[in-house]
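What the sequence shown shows, in my numbering, is residues 7 to 157, in sequence order. A short write-up of the structure that comes next.
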Amino acid sequence: MKKVIFTLIACFTLSVSIAQENEKTVIPYVSAGLSLGNGSFAQSSYASIEGGISMKNIGFGFCAGRSYLDFSTADIASNYFWEIKTSPTIPIKSFSIYGVLGYGGYFTTSNMFVEYGAGMSYMPKNFGYFAQWSNWDKLPYVSVGLSYCFN
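Quick look at the structure:
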């Protein structure tokens, strides 16, 4: 656990250092996503919302959502999760390629997880679309979603 926390702190420090060398405009954003796993849709899909800030080449966000979209089971707090994320970005015209590093947990449980991965986004104006692959809680996921920047 100490190694995970140290790695996240090191990545955050590096991200802040890179961002300080670039444009200092801070832009708030919100996004909504759907993560699809290898199993059945209801048992391996996660819905989430995220809010945060982005600078020229880095984003920092807080994400929350629901695991297991199978609503036939009891709706309990441990079905919901939270996550803090950082995402360094490489812009290529109106497309961007980005990395993802996050740390989070499930409400009312001691289960903590790490997320890492990569994706791409298309944001011609304030609205954008994204697709990414990530390893989330030791399982591979493909996520798609929409985002909006308040700039």
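Glycine included, every Cβ here is placed at the ideal spot set by N, Cα and C.
- Q138 is bridged by DSSP to G125, S149.
- When the Cα atoms are used, I90 and I98 turn out to be separated by approximately 25 Å.
- Counting C-beta pairs closer than 8 Å gives fewer than three between the stretch 61-68 and the stretch 38-53, which falls short of the contact rule.
- Taking a C-beta distance under 9 Å as the contact criterion, S54 and Y35 do not qualify as a contact pair.
- Exclusion of the five residues before and after W88 leaves A70, G110 as the residues of its chain whose Cβ lies within less than 6 Å of its Cβ.
- Beta bridge pairing from DSSP links T95 with Y104.
- Apart from sequence neighbours up to five positions away, the residues of its chain that approach W139 with a beta-carbon distance below 6 Å are G123, V148, ordered along the chain.
- If only complete runs of 3 or more residues are kept, the stretch 29-67 shows the beta strand (DSSP E) at 33-42, 51-60, in order along the chain.
- DSSP places A80 in the coil class of the three-state scheme, outside both helix and strand.
- The alpha carbon of S51 has as its nearest neighbour, out of L145, P94, F119, the alpha carbon of L145.
- Listed in chain order, the non-local C-beta contacts of W142 below 6 Å within the same chain comprise E121, local neighbours out to five positions each way being set aside.
- Taken atom to atom, the span from the alpha-carbon of T31 to that of L107 is near 22 Å.
- Put simply, the backbone Cα of A83 is about 22 Å away from that of G45.
- By a beta-carbon distance limit of 8 Å, T95 contacts S102. Their separation comes to about 5 Å.
- Under a 10 Å Cβ-count criterion, N132 is classified as exposed, with fewer than 16 other Cβ atoms of the shown protein chains found around its own Cβ.
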